[in-house]
Amino acid sequence: MINVKKRLTLVLLLVLSMFLAACSSDEEAASGEGKVTLDFWVFGATNYEALADEYEKENPDVTINIKNSELGDHHDSLFTAISAGTGAPDLTMIEVDQLDRYREAQDRFVNLYDLGADEIQDQYLDWKWKMAENGEGDFLFGLPTDIGPKAMYFHTDVFEEAGLPTDPNEVSTMISSPDEFAEAAETVMEETGKPMVDSMEMAFRANMDALQVSYFNRDGELLINEADNGVKEAYDYAVKLQEKGVVGSFEMWTPEWANALNKGEFAVEMAPAWLKGYMTENAPEGEGKWKVTTLPTDFAGNWGGSYVAIPSETKNSEEAYAFAQWMLSPENQLKSFTESGLFPSAPEVYEMEEFVNNSDEYFGGQNTAAYFAEAAKEIPEVYKGPKYVTVSNEVLTALRNVQEGADPEKEWEAAVKRIEDLMNR
């Protein structure tokens, strides 16, 4: 009988110890101690998988599961999860043009200022950081990843045939304003028969990407029909170049465009740093023939780049922030630049030896990074609005119609009407 009691006592003690261990494990997980699994949603070609592996080795209690999707699918899935309040990851990338889409769901994200993000703010470009704040400046949606500072890619054979200089600094001096760009474009067409710009979209984006306020203000008011709206000026400039006959019909990412880029069928591509990777892989005949220089001052703008945000659904916000802060540190942004071509948003990187001595074999050994770094410092803070992509597509439709012979003013008015109808739904 005594043995039975002893056995019962031992069993009860064992059960109790297991219960206490389970409680302790739950408390550790809740407090960030113990093993944690972080789901991280990304898109595009990054080196974040490699960085996650490195972080796991340094932090053996952390496992990071990365899901990589196409840009559109990524943001649609994220928006669905955020709206439903379930299924969101612990961390997620958000592309800059999509960021304002989530501002109306601020409560579905962790305020990174609550996790101490203000302590690292000075590591990043001011304009990039402020774009991730709410209107009051007291809520931070995400930490800066890469940016897309724009520069002017120019084909040296085309420029030489046109009698224009091919030294990047000389080109920058010669083409320092929108009017000088238009003049050079006419020279290129007259001497080579080739367009200066590949498409109406690129002619439009020349000015558009530099606008601090475009379609909406921070109060959500539609500005496109205001008398002094910069979007109309950007539209008119693209129309002006089209009327001069210096705009090509090579729509970006089409096979025709890729072939024209490869063969040098147009003179200039006004694009961000990330285009270099595409050219290296897809335009082999252009190697040694393309160079990079600065854009005219009025064209200095950003196209692309992202943030890493933490949905409020996570139970591991501190662990998620610790990983994001580590992954996006200046030292690791340098790795992302050298390994995946992600242009750094941390200006400290621009002074690092590996960046300063960077050499692009495709561009004849030129240090193209220096020109993009210079452009990055001149970019203004931009507010785009939650419907930016939808509204922009209507203007681009109008420009394509103009290229096919439609009346520019009628197309503008039609686009504004479509946009106003969309906003009133």
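According to mature numbering (1 follows the signal peptide of the UniProt record, and there is no 0), the residues represented by the sequence shown are -21 to -1, 1 to 404, in order.
Ideal placement from N, C-alpha and C gives every residue a C-beta, glycine not left out.
Short of 8 Å in beta carbon distance, which residues of its chain neighbour leucine 321, apart from the five on each side in sequence? Order them along the chain. Thr25, Asn26, Thr124, Asp125, Trp253, Gln312 and Ser315
Is it the case that the Cβ atoms of phenylalanine 229 and serine 178 are separated by a distance below 9 Å? yes
Roughly how many angstroms separate the alpha carbons of isoleucine 99 and lysine 107, rounded to a whole number? 13 Å
At 3 residues or longer, what runs of the beta strand (DSSP E) sit wholly inside the segment 240 to 283? 247 to 251 and 269 to 272
Could you tell me the distance, in whole angstroms, from the CA atom of aspartate 40 to the CA atom of aspartate 32? 12 Å
Measuring straight from C-alpha to C-alpha, what distance separates asparagine 113 and histidine 53? 23 Å
Between which two residues does the beta strand (DSSP E) holding glutamate 74 run? 70 to 74
Are three or more beta carbon pairs between the segment 193 to 213 and the segment 142 to 161 nearer than 8 Å? no
Tell me the DSSP secondary structure of isoleucine 398 in three-state form. helix
With valine 137 and lysine 109 assumed to form a contact (beta carbons below 8 Å), what rounded beta-carbon distance in angstroms separates them? Their Cβ separation, rounded to whole angstroms, is 38 Å, which puts valine 137 and lysine 109 out of contact at 8 Å.
On a CA-only basis, which of Val210, Ala185 and Gly64 is nearest residue 417? Give me that one, please. In this structure the chain extends from -21 to 404, so residue 417 is not present and cannot be described.
Helix or strand or just coil, what does DSSP make of asparagine 113? coil
Nearest candidate by alpha-carbon position, reference proline 68, set Ser56, Asn208, Ala96 and Asp76: Ser56
Excluding the 5 residues flanking glycine 283 on each side, which residues of the same chain have their C-beta closer than 7 Å to its C-beta? Val75, Gly127, Pro251 and Trp253
According to DSSP, is alanine 185 helix, strand or coil? helix
Residue span of the alpha helix (DSSP H) that contains tyrosine 34, given as start and end: 27 to 37
By the DSSP assignment, the beta strand (DSSP E) with asparagine 311 in it spans what residues? Per DSSP, asparagine 311 belongs to no beta strand (DSSP E); it is in the alpha helix (DSSP H), 309 to 319.
Backbone secondary structure at residue 406 - three-state DSSP: As displayed, the chain neither begins before -21 nor continues past 404, which places residue 406 out of reach and without an answer.
Run through DSSP, which three-state label would tryptophan 362 get? In the sequence as displayed, the identity of residue 362 is tyrosine instead of tryptophan. Looking at tyrosine 362 - three-state DSSP - the assignment turns out to be strand.
Identity of the residue in Pro309, Ser324, Lys270 and Tyr362 nearest arginine 80 by Cα: Tyr362
Aspartate 188 vs glycine 280 beta-carbon contact at 9 Å: yes
Contact between the segment 290 to 304 and the segment 155 to 162: three or more CB pairs below 8 Å? no
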